[in-house]
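Trainee: Be aware that the sequence shown starts at 101, since it is given in the numbering used here, and climbs by one per residue. For every residue, glycine included, the Cβ atom is placed at its ideal position computed from N, Cα and C. Below is the structure I would like to discuss, written out as structure tokens.
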Amino acid sequence: MKKWIFLFLAMVLVINLAAIGIGCKAKAPEKPAVKEEPKPAEAPKPAEAPKPAEAPKPAEAPKPAEAPKK
101 MKKWIFLFLA
111 MVLVINLAAI
121 GIGCKAKAPE
131 KPAVKEEPKP
141 AEAPKPAEAP
151 KPAEAPKPAE
161 APKPAEAPKK
């Protein structure tokens, strides 16, 4: 009796493995869309040399008020 139970379980296992193998077949990879030819990247423009910082101008002394002309 044990022999028949073992054979039955072995048959169930084989059927399950076969079903998994049939159901999980690898799908053919999809063809990628037509790609445009990659354009060569443009060379980046050279960075401009940093300009030297201008020295702050000294504050001008206020001019004395002129007398009104007659």
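1. Roughly how many angstroms separate the alpha carbons of Gly123 and Ala141, rounded to a whole number?
2. For the alpha helix (DSSP H) containing Lys163, name the first residue and the last one.
3. Would you give the residue range spanned by the alpha helix (DSSP H) that Ala118 belongs to?
Mentor: Based on what the coordinates show:
1. Counting from 1 along the sequence shown, the entry for residue 123 is found at position 23. Counting from 1 along the sequence shown, the entry for residue 141 is found at position 41. So the alpha carbons of these two residues sit roughly 46 Å apart.
2. Start at 1 with the first residue of the sequence shown, and residue 163 comes out as number 63. Element bounds for Lys163: n/a, residue is neither H nor E.
3. For the purposes of this step, residue 118 is taken as residue 18 along the sequence shown, with counting starting at 1. Taken as a continuous stretch (DSSP letters only), the alpha helix (DSSP H) holding Ala118 covers 102–123.
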